[in-house]
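If you're matching positions, the sequence shown starts at 120 in my numbering and goes up one per residue. Below is one structure, written out as structure tokens; the observations come after it.
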Amino acid sequence: MPLHKGPEEPDERPLSVNPFYGEANPVGGMTQAPPKHRLPDAPLSPSTAYQLVHDELMLDGNSRLNLATFVTTWMEPQAGVLMRECRDKNMIDKDEYPRTAELERRCVAMLADLWNAPDASAAVGCSTTGSSEACMLAGMALKRRWAQRNADRYPAHDVRPNLVMGVNVQVCWDKFCNFWEVEARQVPMEGDRFHLDPQAAAALCDENTIGVVGILGSTFDGSYEPIADLCAALDELQERTGLDIPVHVDGASGAMVAPFVDEDLVWDFRLPRVVSINTSGHKYGLVYPGVGWALWRDKAALPEELVFRVNYLGGDMPTFALNFSRPGAQVVAQYYTFLRLGREGYRAVQQTARDVALGIAERVAALGDFRLLTRGDQLPVFAFTTQPDVTAYDVFDVSRRLREKGWLVPAYTFPPNREDLSVLRVVCRNGFSADLAELFVEDLGLLLRELRRQPHPLTQDKGTATGFHH
Numbered sequence: 120m121p122l123h124k125g126p127e128e129p130d131e132r133p134l135s136v137n138p139f140y141g142e143a144n145p146v147g148g149m150t151q152a153p154p155k156h157r158l159p160d161a162p163l164s165p166s167t168a169y170q171l172v173h174d175e176l177m178l179d180g181n182s183r184l185n186l187a188t189f190v191t192t193w194m195e196p197q198a199g200v201l202m203r204e205c206r207d208k209n210m211i212d213k214d215e216y217p218r219t220a221e222l223e224r225r226c227v228a229m230l231a232d233l234w235n236a237p238d239a240s241a242a243v244g245c246s247t248t249g250s251s252e253a254c255m256l257a258g259m260a261l262k263r264r265w266a267q268r269n270a271d272r273y274p275a276h277d278v279r280p281n282l283v284m285g286v287n288v289q290v291c292w293d294k295f296c297n298f299w300e301v302e303a304r305q306v307p308m309e310g311d312r313f314h315l316d317p318q319a320a321a322a323l324c325d326e327n328t329i330g331v332v333g334i335l336g337s338t339f340d341g342s343y344e345p346i347a348d349l350c351a352a353l354d355e356l357q358e359r360t361g362l363d364i365p366v367h368v369d370g371a372s373g374a375m376v377a378p379f380v381d382e383d384l385v386w387d388f389r390l391p392r393v394v395s396i397n398t399s400g401h402k403y404g405l406v407y408p409g410v411g412w413a414l415w416r417d418k419a420a421l422p423e424e425l426v427f428r429v430n431y432l433g434g435d436m437p438t439f440a441l442n443f444s445r446p447g448a449q450v451v452a453q454y455y456t457f458l459r460l461g462r463e464g465y466r467a468v469q470q471t472a473r474d475v476a477l478g479i480a481e482r483v484a485a486l487g488d489f490r491l492l493t494r495g496d497q498l499p500v501f502a503f504t505t506q507p508d509v510t511a512y513d514v515f516d517v518s519r520r521l522r523e524k525g526w527l528v529p530a531y532t533f534p535p536n537r538e539d540l541s542v543l544r545v546v547c548r549n550g551f552s553a554d555l556a557e558l559f560v561e562d563l564g565l566l567l568r569e570l571r572r573q574p575h576p577l578t579q580d581k582g583t584a585t586g587f588h589h
């Protein structure tokens, strides 16, 4: 969640109330203007409160036209009904809501089977509020297992655990390393390689490495990291040094894409070195935010001491989470979607998203002004930048002008060692149809006519212009 603070200069103007918002007396509504930054002294009628909030939210972007987010922006009406029916159920209270807990258990079992756990019944897992929490839990398990193996020398002031990953990881991994006092060892980008290199990752490992994170679907460009090659490099490292380094796969997006449209790709629990996997149910799991999943290949991969057992809500409830109370609606919606689509349904949805991405990427390249970095053939996501001979505008100008048409397309600069590269990225999700893609390309083409006539790029500060890219 963003960290908010109060306004530097408090806006003392009250909210403006339309006179007709009053239940019986249109004039009476004019006297009910509530303050913005403190609780009002008296209640408002529900219709007035609703309309005030509704009107302000009209200024938000249209989520269906948001090509920056990986998060699901459309579900079937029946899923919405189920979510409304379950929004008052506290997911943690498994004794009072045993069927909701059972649906969570079934989802874990389905994912264990989907990700080829050696024994799906032995795999352990849980729902989370999203992949960020799931990654935190996976990182905690990696650190605790490493600490157990090194109990003779840790904790000590001169021994610091480290985690190896590509510089392209989602920000939650930087948070984990900061919050849990783990050194982040990051493999930089090089040339046209925009994610982790297996050999470079293995070279960063030592006796203090708790694990290596592989990303199945980088948020920077939509590419898969080579998980099998990473495991092979770590196998070779173990043969040479004896170091046994586990791998966690951050499959926030790709773990719900690859099993259906890249069935021959080996990235999951089929690789013995992969001890845990996470995904976002609210991304390509096709559920509204927020739900994620974390799975471990067996009980040995998740130290029992990290699991808390509580009984004050009734019954014995083992729990592994960073928070406690949360609604059960998203878990129920995940089970509904698994039940509704099945493997063939998910395959059709994800293949359609990939086809849209491939098609729109080809048309963007055909405009002539852009160079594709990726084309949407892994995640249904592609990144592109301007051609070297384009000097009248930059990607930040394109992003800004597209926003005027309602399209939200992030522009951002890549991390070390490719800070010289600024790109645009388009995420194709279920609900972004071929028809919408056609309209997007048409709008982009119309804008280019104007952008080409600029004397120079209009972006003064690329740091402030950089869009949020995760």
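Glycine is no exception: its CB is placed at the ideal position from the N, C-alpha and C atoms.
Could you pull the start and end residues of the alpha helix (DSSP H) that residue i belongs to?
{"i": "residue 203", "result": "196 to 205"}
{"i": "residue 564", "result": "553 to 570"}
{"i": "residue 265", "result": "250 to 268"}
{"i": "residue 380", "result": "377 to 380"}
{"i": "residue 360", "result": "346 to 360"}
Under DSSP, the beta strand (DSSP E) around residue i begins and ends at which residues?
{"i": "residue 366", "result": "366 to 369"}
{"i": "residue 334", "result": "328 to 334"}
{"i": "residue 396", "result": "393 to 399"}
{"i": "residue 220", "result": "Per DSSP, residue 220 belongs to no beta strand (DSSP E); it is in the alpha helix (DSSP H), 217 to 233."}
{"i": "residue 491", "result": "489 to 491"}
{"i": "residue 531", "result": "530 to 532"}
{"i": "residue 502", "result": "500 to 505"}
{"i": "residue 510", "result": "Note, residue 510: premise wrong, no beta strand (DSSP E); not H, not E."}
{"i": "residue 246", "result": "243 to 247"}
Quick one: grab the DSSP three-state call for residue i.
{"i": "residue 448", "result": "helix"}
{"i": "residue 588", "result": "No answer about residue 588 holds up, because its pLDDT of 46 lies below 50 and its placement is not dependable."}
{"i": "residue 404", "result": "coil"}
{"i": "residue 292", "result": "helix"}
{"i": "residue 324", "result": "coil"}
{"i": "residue 161", "result": "coil"}
{"i": "residue 517", "result": "helix"}
{"i": "residue 414", "result": "strand"}
{"i": "residue 185", "result": "strand"}
{"i": "residue 191", "result": "coil"}
{"i": "residue 136", "result": "coil"}
{"i": "residue 385", "result": "coil"}
{"i": "residue 527", "result": "strand"}
{"i": "residue 169", "result": "helix"}
{"i": "residue 465", "result": "helix"}
{"i": "residue 239", "result": "coil"}
{"i": "residue 273", "result": "coil"}
{"i": "residue 537", "result": "coil"}
{"i": "residue 279", "result": "coil"}
{"i": "residue 312", "result": "strand"}
Using DSSP's beta-bridge definition, name the partner residues of residue i.
{"i": "residue 305", "result": "284"}
{"i": "residue 547", "result": "Residue 547 is not bridged to any residue."}
{"i": "residue 437", "result": "428"}
{"i": "residue 209", "result": "446"}
{"i": "residue 152", "result": "Per DSSP, none; premise fails for residue 152."}
{"i": "residue 483", "result": "Residue 483 is not bridged to any residue."}
How would you call residue i, buried or exposed, if buried means at least 16 neighbouring beta carbons within 10 angstroms?
{"i": "residue 376", "result": "buried"}
{"i": "residue 200", "result": "exposed"}
{"i": "residue 177", "result": "exposed"}
{"i": "residue 287", "result": "buried"}
{"i": "residue 136", "result": "buried"}
{"i": "residue 185", "result": "buried"}
{"i": "residue 166", "result": "exposed"}
{"i": "residue 488", "result": "buried"}
{"i": "residue 566", "result": "buried"}
{"i": "residue 588", "result": "In this prediction, residue 588 scores a pLDDT of 46, lower than 50, which makes its location untrustworthy; no coordinate-derived value is stated."}
{"i": "residue 158", "result": "exposed"}
{"i": "residue 223", "result": "buried"}
{"i": "residue 370", "result": "buried"}
{"i": "residue 517", "result": "buried"}
{"i": "residue 443", "result": "exposed"}
{"i": "residue 172", "result": "exposed"}
{"i": "residue 240", "result": "exposed"}
{"i": "residue 305", "result": "buried"}
Query raised in the report: At a cut of 8 Å, does the segment 539 to 548 reach the segment 336 to 354 through at least three beta carbon pairs?
Result: yes
Query raised in the report: Contact between the segment 377 to 384 and the segment 360 to 369: three or more CB pairs below 8 Å?
Result: no
**Report entry** Segment contact flag, the segment 450 to 464 with the segment 400 to 413, C-beta cutoff 8 Å, min 3 pairs
**Finding:** yes
Query raised in the report: Should the segment 239 to 258 be called in touch with the segment 270 to 279, which here means at least 3 C-beta pairs below 8 Å?
Result: Result no; under three Cβ-Cβ pairs closer than 8 Å.
Query raised in the report: Does the segment 281 to 301 touch the segment 322 to 340, meaning 3 or more C-beta pairs lie closer than 8 Å?
Result: yes
Query raised in the report: Does the segment 463 to 476 touch the segment 546 to 565, meaning 3 or more C-beta pairs lie closer than 8 Å?
Result: yes
Query raised in the report: With a cut-off of 8 Å, do at least 3 Cβ pairs link the segment 386 to 393 to the segment 419 to 430?
Result: no
Requested in this report: Assess, as a yes-or-no matter, whether the segment 413 to 420 is touched by the segment 389 to 397 under the definition of 3 or more beta carbon pairs within less than 8 Å.
Outcome: yes
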